[in-house]
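S.K.:
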Amino acid sequence: MTQTDTGPAAAAGRFTFPGTDISVNRMGYGAMQLAGPGVFGPPKDEAVARDVLREAIALGIDHIDTSDFYGPYVTNRLIREALHPYPADLTLVTKVGAYRDDKGGWLHNITPDFLKRSVEENLENLKRDRMDVVNLRIAGPDEDVREAMIAMRNLQEEGLIAHIGMSTVTMDQLRAGQDIAPVVCVQNMYNLVHREDDAMIDALADEGIAYVPYFPLGGFSPIQSEGLNDVAADLGATPQQVALAWLLQRSPNMLLIPGTGSIGHLHENVAAAALELTQDAKLKLDGLASA
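Numbering-wise (the working numbering), the sequence shown opens with residue 544 and increments by one.
1) Do VAL688 and GLN716 come within 8 Å of each other at the CB atom, strictly closer than that value?
2) Enumerated in chain order, which unbroken segments of the beta strand (DSSP E) with a length of 3 residues or greater are wholly contained in the stretch 561-608?
3) Within the stretch 706-737, note down every full alpha helix (DSSP H) run reaching 4 residues or more, in order along the chain.
4) DSSP state of LYS638, grouped into three classes?
5) By Cβ distance below 7 Å, which residues in the same chain neighbour ALA552 in space, the five residues on each side in sequence not counted?
6) What's the C-alpha gap between GLY702 and ARG673?
7) Using the three-state DSSP reduction, which class does HIS651 fall into: helix, strand or coil?
8) Can you check which of these residues, LEU818, CYS728, LYS825 and THR803, is closest to VAL591 by C-alpha distance?
9) How would you write the range of the alpha helix (DSSP H) that ASN619 sits in, first residue to last?
10) Once DSSP output is grouped into helix, strand and coil, what is the label at PHE612?
11) What are the boundary residues of the beta strand (DSSP E) that ASN678 is part of?
12) When you compare each of TYR613, ARG623 and ALA554 to ASP644 by their alpha carbons, which one comes out closest?
13) Along the chain, where does the alpha helix (DSSP H) that runs through ARG557 open and close?
14) For the alpha helix (DSSP H) holding GLU690, just list the boundary residues, first then last.
15) In terms of residues, what are the limits of the alpha helix (DSSP H) holding MET743?
16) What does the alpha-carbon distance come out to for the pair ASP823 and ALA832?
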């Protein structure tokens, strides 16, 4: 058995992306916080960042989410320096459709030429011949995704990416994308109190498509935090662990990628994979959604 079969990240079970041979532990890791403040520039201590990545692998994590616009180029470089040559069972997922200006602003671009250049840069910086999954990041609910998805399908046919995901999308945009190419995962904002995607999650679960929430620990107001803290105290866990456990138990297609630049917090997050919520705790947590 491999470390990914037996490590603590395996406690929440595994998920296979639809139509693929890619199977991952449902508890993964997001690399965004390895960049500097505001996800811009390098971290204060790059050696610590590389140690966090190596420890993630040691804990059984085999799904790392990243992007060249984190830093920019910082997290992919750190991943390459820490983990290359990569473990055979490691799945690296990146996203394209944005870039940073020299002040750290987030700018959007999903033109075909930009998408191809972005994928090529991710491959170069990660030292890969092909990306396992690339998420197409959409700017808003009114954006037409068709031309960009055709470009992604072309990159797939060229062999630069194996599988396609979509990020910050509505159900209508997802369906438009699926008309052009198979979509194996959706990455949208969702957490214990921001649940606008409830119907989408259920629909994707029926289709076997992964849902990967970003900001899984974000968005708590003081009132909502008080309710979460009460449940955590009852369970003898941290509020963050309870919030992550709730997500894992929300739906079997939920894949988590909590990020951190701390080995201590990494261990805390991964331990949530084994946390079982009581029925009473789940009912209380279900009641914390934003009005």
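Ideal placement from N, C-alpha and C gives every residue a C-beta, glycine not left out.
This structure is a prediction, so every number in the text was calculated from the model and none was measured.
M.R.: The short version:
1) The sequence position of residue 716 within the sequence shown is 173, counting from 1. The sequence position of residue 688 within the sequence shown is 145, counting from 1. Result yes, Cβ atoms of GLN716 and VAL688 sit closer than 8 Å.
2) 566-568 and 606-608, all fully within the stretch 561-608.
3) Complete alpha helix (DSSP H) runs here, min 4: 714-721.
4) Taking the first residue of the sequence shown as 1, we reach residue 638 at position 95. The DSSP-derived three-state label of LYS638 is strand.
5) The residue you call residue 552 lines up with position 9 of the sequence shown. Excluding residues within five positions, the ones whose Cβ falls inside 7 Å are ASN568, MET570, LEU602, GLY603, ILE604, VAL813 and ALA816.
6) Reading the sequence shown from its first residue, position 159 is the one you call residue 702. Reading the sequence shown from its first residue, position 130 is the one you call residue 673. Cα to Cα, GLY702 sits roughly 7 Å from ARG673.
7) Looking up residue 651 in the sequence shown gives position 108. In the structure shown, the three-state DSSP call for HIS651 is strand.
8) Residue 591 sits at position 48 when you count from the first residue of the sequence shown. When C-alpha distances from VAL591 are compared across LEU818, CYS728, LYS825 and THR803, the shortest belongs to THR803.
9) Here the question's residue 619 lines up with position 76 in the sequence shown. Boundaries of the alpha helix (DSSP H) harbouring ASN619: 617-626, taken from the DSSP string.
10) Reading the sequence shown from its first residue, position 69 is the one you call residue 612. The answer is coil: DSSP assigns PHE612 none of H, G, I, E or B.
11) For this step, residue 678 is matched to residue 135 along the sequence shown. In the DSSP annotation of this structure, the continuous segment of the beta strand (DSSP E) that includes ASN678 starts and ends at 674-680.
12) As a working note, residue 644 is residue 101 in the sequence shown. Taking only the C-alpha atoms, the option nearest ASP644 is TYR613.
13) Locating residue 557 in the sequence shown gives position 14, where the first residue counts as 1. Residue range 557-559 is occupied by the beta strand (DSSP E) that includes ARG557, with no alpha helix (DSSP H) assigned at that position.
14) For this step, residue 690 is matched to residue 147 along the sequence shown. Run containing GLU690: 689-700, per the alpha helix (DSSP H) assignment.
15) For the purposes of this step, residue 743 is taken as residue 200 along the sequence shown, with counting starting at 1. 741-750 is the extent of the alpha helix (DSSP H) around MET743.
16) Locating residue 823 in the sequence shown gives position 280, where the first residue counts as 1. Locating residue 832 in the sequence shown gives position 289, where the first residue counts as 1. One C-alpha to the other measures close to 16 Å.
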